[in-house]
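Asks:
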Amino acid sequence: MFHSIEKQLSRAFRDHIQARYGVDLPFGVEQPRQSDFGEMAVPAAFQLAKQLRQAPRKIAAELVDEVGPVPGVAAMEVAGNGYINIRLDRGAYGAALLADEPEATVAAGEKIIVEHTNINPNKAAHIGHVRNAALGDTFVRMMRALGQRVEVQNYIDNTGVQVADVVVGFKFLEDKGVADVKALLADSSVRFDYYCWDLYARTSGYYKDHPEALQWRAATLHSIEAGEGELSELAHLVADAVVEAHLATMLRLDVEYDVLPRESEILHLQFWASAFEQLKERKAIYLETEGKNAHCWVMPGLSEEGKVIVRSDGTVTYVGKDIAYQLWKFGLLGKDFYYRPFRKYADGRVLWITTDDATAERGDFGRGSRVYNVIDARQSYLQDVVAAGLRGLGYNDQADRSVHFSYEMVALSPRCCADLGIQLSEEDRKRTYVEVSGRKGLGVKADDLIDTLIAKALEEVDARHPESPAEERRRVASQIAVGALRYFLLKFTRNSVIAFDLQEALSFEGETGPYVQYAAVRARNILRKLEELGEKVPDFAAELSPEAMARQLQSEDFWQLLLAASKADSALERAVAAGEPAHVAKYAFQVAQAFNNFYHQYPIIHEENREKKVFLLWMTDFFRRQLERTAGILGIAIPDYM
RNA sequence: GCGCCCGUAGCUCAGCUGGAUAGAGCGGCUGGCUUCGAACCAGUAGGCCGGGGGUUCGAGUCCCUCCGGGCGCACCA
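With my numbering, the residue at position 21 of the first sequence is 1394, and numbering never jumps.
(1) Tell me whether A1872 sits in a helix, a strand or coil according to DSSP, three-state version.
(2) For N1868, count neighbouring Cβ atoms within 10 angstroms of its own Cβ and tell me buried if that reaches 16, exposed if not.
(3) Counting C-beta neighbours from all protein chains within 10 Å, is the total for A1472 16 or more, i.e. buried, or is it exposed?
(4) Find out if the Cβ-Cβ distance for the pair L1633, V1616 is shorter than 9 Å.
(5) Who are the Cβ neighbours of Y1466 in its own chain at under 7 Å, not counting the five residues just before and after it?
(6) Count Cβ pairs between the stretch 1490 to 1498 and the stretch 1588 to 1598 that sit closer than 8 Å; are there 3 or more?
(7) Determine the DSSP secondary structure at M1922, reduced to helix, strand or coil.
(8) When the Cα atoms are used, what is the spatial distance from F1703 to G1741?
(9) Give a yes or no on contact between the stretch 1536 to 1549 and the stretch 1564 to 1575, applying the rule of three or more CB pairs nearer than 8 Å.
(10) For I1682, which of G1907, L1706, F1710, A1646 has the nearest alpha-carbon?
(11) Please go through the same chain and pick out, in chain order, the residues whose beta-carbon is closer than 7 Å to the beta-carbon of T1448, but skip the five residues on each side of it.
(12) Could you tell me which residues DSSP puts in a beta bridge with H1499?
(13) Give the list of continuous alpha helix (DSSP H) stretches no shorter than 4 residues that lie fully inside the stretch 1516 to 1571.
(14) Out of V1747, K1496, V1415, point me to the one whose CA is closest to F1512's CA.
(15) Hey, quick one: how far does the alpha helix (DSSP H) through A1422 stretch, first residue to last?
(16) With 16 other CB atoms within 10 Å as the buried threshold, where does T1688 fall?
(17) Please classify F1931: does DSSP put it in a helix, a strand, or coil?
(18) Quick check: A1385 and G1441, are their CB atoms within less than 9 Å of each other?
(19) By DSSP, does I1696 sit in helix, in strand, or in coil?
(20) Give every residue of the same chain whose Cβ lies closer than 7 Å to the Cβ of A1468, excluding the five residues on either side of it in the sequence, and list them in chain order.
(21) Are the stretch 1814 to 1827 and the stretch 1796 to 1806 in contact at 8 Å, needing three or more beta carbon pairs?
(22) Would you mind sorting Q2018 into buried or exposed? The rule is 16 or more other CB atoms within 10 Å of its CB.
(23) To the nearest angstrom, how far is it from the Cα of H1838 to the Cα of R1846?
(24) Quick check: what's the CA-CA separation for W1670 versus E1661?
(25) By Cβ distance, which residues of its chain are closer than 8 Å to V1349, with the 5 residues on each side in sequence left out?
(26) Pull up the CB-CB distance for F1644 and A1697, whole angstroms please, since I reckon it's below 8 Å.
(27) Would you call the stretch 1423 to 1438 and the stretch 1886 to 1896 in contact, with 3 or more CB pairs under 8 Å?
(28) Going by alpha carbons, who is nearest to W1701 out of T1727, P2012, K1680?
(29) So the candidates are G1907, F1873, D1824; which of them puts its Cα closest to the Cα of E1808?
(30) Is it the case that the Cβ atoms of D1538 and N1495 are separated by a distance below 9 Å?
(31) When DSSP labels each residue in this structure, what does T1866 get in the three-state scheme?
(32) DSSP on V1889, reduced to helix/strand/coil?
(33) Using only the alpha-carbon positions, how far apart do A1896 and T1993 sit?
(34) Tell me whether T1662 sits in a helix, a strand or coil according to DSSP, three-state version.
(35) Consult DSSP for S1851 and reduce its assignment to one of helix, strand or coil.
(36) If the criterion is Cβ atoms closer than 9 Å, does the pair N1531 and D1613 meet it?
This is how it looks when you write it as structure tokens:
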């Protein structure tokens, strides 16, 4: 509601300024610093003053006189040295919210592709991976909430060096073959992804002292590429099992995908060959004849030496494959995968996986008009190379619509390392944070963290609801844990490095997910309590006349509360435009805060004046809906009780 | 050396395409549970927005410069 008035207001002023002064003036509707200035402010007179060479206050006065009425706006006044402050018609505003008029959403024509998670399937997921997934998943939910069509891809690099290193660990360090690994997989006392976590760190360490062991890696990669031999079979065993583990971990956090494109298919279906032909044909890369990159195919431009795309031995680098993949996402490659259904989520959504089996189905994946790659900031150079590849092929539009949705890493605070018993060097101890490293096995595993959070939440739930069934308490604790974790990772803006602190992440008070959940639970409790007392939740539309609504909203307090609760669409649109899930998190917290304030200050069920009571109940229900919806966009469920 | 990011309250961070008196959480201090459950609420202290120039009617926000910190710049992914 707030947002639709914002849009109408902005349009009215823009049209009027265009007609009256002949200027197309892009300006945003602001929110005044002080609430007694009104609900919105238009700063257009300042910008116009520059062009018209007149005093802003005079222009503002003209605008107010001439712009004409805007639906929902009760008054406009000139303030300061040229602000136009807007006062809304409170009764009409409340009545519109009561009528629950649906907001106009964007017509979903084009498809947006979001790639996120993208964890190498060779070890357990860690906290940094969870930030990636939380950001990607939330951004997807945000766009879907605006009515956009979004496809979620989780790319699986099942043929890369990292998988190969774990295979090397199994085969050459532990002398385990296919049968042994299968036995390990069948052993329910072993968490396979954890096992690989340690093994990967061990193999990486081994290379350091035994550089000759790198030939094992080469042999493994060769076997994988050829698609034959025991090493290749081991690689598939490892990657498939770890992918399963990752999907399970992510499902705990309510993260789901539409399709899993795998590198093995990119290899077997020769995606790279098609991309290579295009790149050569359009001269986006050239064969270097001298210098250190001699005999390599190189993409010029980004650095002095250029970026090697094809090595002198003829193999393609990671970026090369990524260019092919990016071309496919836009439907520009001229090739497609085959697909088979991989699993069905509880909500009915089917997750597909790619296959090279030509008898399998064709699918409706890729061919996006806009692509977001959720990848950490350290890879921005490589993402630039990919975009440059598109440009080199003449796909400038697609390059522009190819967004590196970057975010900073999750590091560990020194205190957190101490809590986890991680030994630090003298040097690291002085730093404000320590970078996690899969190679060193240094990091917080996602499942461990979730388990710890659930245990802590369960203590709280047990203390408060000892009478509830254990299974139910467990579910509530799990929802609280996920709420806490997702909120914690989302409340930071993307380019802020998170110095992960266990104690902070375990907090359920203040600006946290549980705070938001608690507010929603309280709102529900009131409505439930009412029914327990033998009353019915009123038919608000029937009982609250426009006059009654206007009367109640004369209270400045109520008005401000309702205003705060009704800005979801405005907040959401800004957050999507800025690409910042943190803005939604912040908004959710503000609504929760407003509700807690309301809850504390006004007895609702015991209110004796009928009109006021109905109004208060409506406010409670309105807050509840807004809290549930906003939390839902953050991927945070509301427990039955807390 | 080159490129990107960061520097705002004791700590962790917001601050929307430049706008009115710089905000929140935590921590500190003071108060509030016989009430719709206190995972809550109210109050309070705490700031040359890293330094210096500039652009502008107006700068935490844009430009330049310096200082401090982080991350990239492989025939690894």
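No residue lacks a Cβ here, since even glycine has one placed at the ideal position from N, Cα and C.
Replies: On the basis of the data shown:
(1) The sequence position of residue 1872 within the first sequence is 499, counting from 1. Reduced to three states, the DSSP call for A1872 is strand.
(2) As a first step, residue 1868 must be located in the first sequence, where it is residue number 495. The residue in question, N1868, is exposed, as its Cβ has fewer than 16 Cβ neighbours within 10 Å.
(3) Reading the first sequence from its first residue, position 99 is the one you call residue 1472. The residue is exposed, with fewer than 16 neighbouring Cβ atoms inside 10 Å.
(4) Against the first sequence, residue 1633 aligns to sequence position 260. Against the first sequence, residue 1616 aligns to sequence position 243. Yes, the Cβ-Cβ distance between L1633 and V1616 is below 9 Å.
(5) Reading the first sequence from its first residue, position 93 is the one you call residue 1466. The answer, listed in chain order, is M1374, G1445.
(6) no
(7) On the first sequence, residue 1922 is found 549 positions in, with the first residue counted as 1. Of the three classes helix, strand and coil, the one that applies to M1922 here is helix, per DSSP.
(8) Indexing the first sequence from 1 puts residue 1703 at position 330. Indexing the first sequence from 1 puts residue 1741 at position 368. Going by the C-alpha atoms only, they are around 5 Å apart.
(9) yes
(10) Position 309 of the first sequence, counted from the start, is the residue given in the question as residue 1682. Here the closest residue by C-alpha is A1646.
(11) On the first sequence, residue 1448 is found 75 positions in, with the first residue counted as 1. Reading off the sequence, residue 1448 comes out as Ala, not Thr. Taken in chain order, the residues that qualify are R1460.
(12) Here residue 1499 is taken as the residue at index 126 of the first sequence, counted from 1. Paired residue(s): K1818.
(13) 1534 to 1541, 1551 to 1559
(14) Here the question's residue 1512 lines up with position 139 in the first sequence. If we check each option's Cα against that of F1512, V1747 comes out closest.
(15) The sequence position of residue 1422 within the first sequence is 49, counting from 1. 1417 to 1425 is the span of the alpha helix (DSSP H), which, as asked, contains A1422.
(16) Position 315 of the first sequence, counted from the start, is the residue given in the question as residue 1688. The residue in question, T1688, is exposed, as its Cβ has fewer than 16 Cβ neighbours within 10 Å.
(17) For the purposes of this step, residue 1931 is identified with residue 558 of the first sequence, where counting begins at 1. Here F1931 sits in helix by DSSP.
(18) Mapped onto the first sequence, residue 1385 falls at position 12. Mapped onto the first sequence, residue 1441 falls at position 68. It is a contact, given that the beta carbons lie within the stated cut-off.
(19) Indexing the first sequence from 1 puts residue 1696 at position 323. Note: I1696 maps to helix in three-state DSSP.
(20) In the first sequence, the residue the question calls residue 1468 occupies position 95. Excluding residues within five positions, the ones whose Cβ falls inside 7 Å are P1919, M1922.
(21) no
(22) Outside the shown range of the chain, which is 1374 to 2015, sits residue 2018, and nothing can be said about it.
(23) As a position in the first sequence, residue 1838 is number 465, starting the count at 1. As a position in the first sequence, residue 1846 is number 473, starting the count at 1. Whole-angstrom Cα-Cα distance: 8 Å.
(24) Working through the first sequence from its first residue, we reach residue 1670 at position 297. Working through the first sequence from its first residue, we reach residue 1661 at position 288. Rounded to whole angstroms, W1670 to E1661 spans 6 Å at the Cα level.
(25) Residue 1349 falls outside the range modelled here, since the chain spans only 1374 to 2015, and no answer is possible.
(26) Translated into the one-based positions of the first sequence, residue 1644 becomes position 271. Translated into the one-based positions of the first sequence, residue 1697 becomes position 324. Indeed, because the Cβ distance is near 4 Å, the residues count as touching under 8 Å.
(27) no
(28) For this step, residue 1701 is matched to residue 328 along the first sequence. Per the Cα distances, T1727.
(29) In the first sequence, counting from the first residue as 1, residue 1808 sits at position 435. Comparing Cα-Cα distances from E1808 to each of G1907, F1873, D1824, the minimum goes to F1873.
(30) Translated into positions along the first sequence, residue 1538 becomes position 165. Translated into positions along the first sequence, residue 1495 becomes position 122. Yes, these two residues count as a Cβ contact at 9 Å.
(31) If you number the first sequence from 1, residue 1866 lands on position 493. Looking at T1866 - three-state DSSP - the assignment turns out to be coil, as it is neither helix nor strand.
(32) By one-based count along the first sequence, residue 1889 stands at place 516. Helix.
(33) Position 523 of the first sequence, counted from the first residue, corresponds to residue 1896. Position 620 of the first sequence, counted from the first residue, corresponds to residue 1993. Cα to Cα, A1896 sits roughly 6 Å from T1993.
(34) Working through the first sequence from its first residue, we reach residue 1662 at position 289. Correct three-state label for T1662: coil.
(35) As a first step, residue 1851 is located in the first sequence; it is residue number 478 there, counting from the start. DSSP places S1851 in helix when its eight states are reduced to three.
(36) Position 158 of the first sequence holds residue 1531. Position 240 of the first sequence holds residue 1613. Yes, the Cβ-Cβ distance between N1531 and D1613 is below 9 Å.
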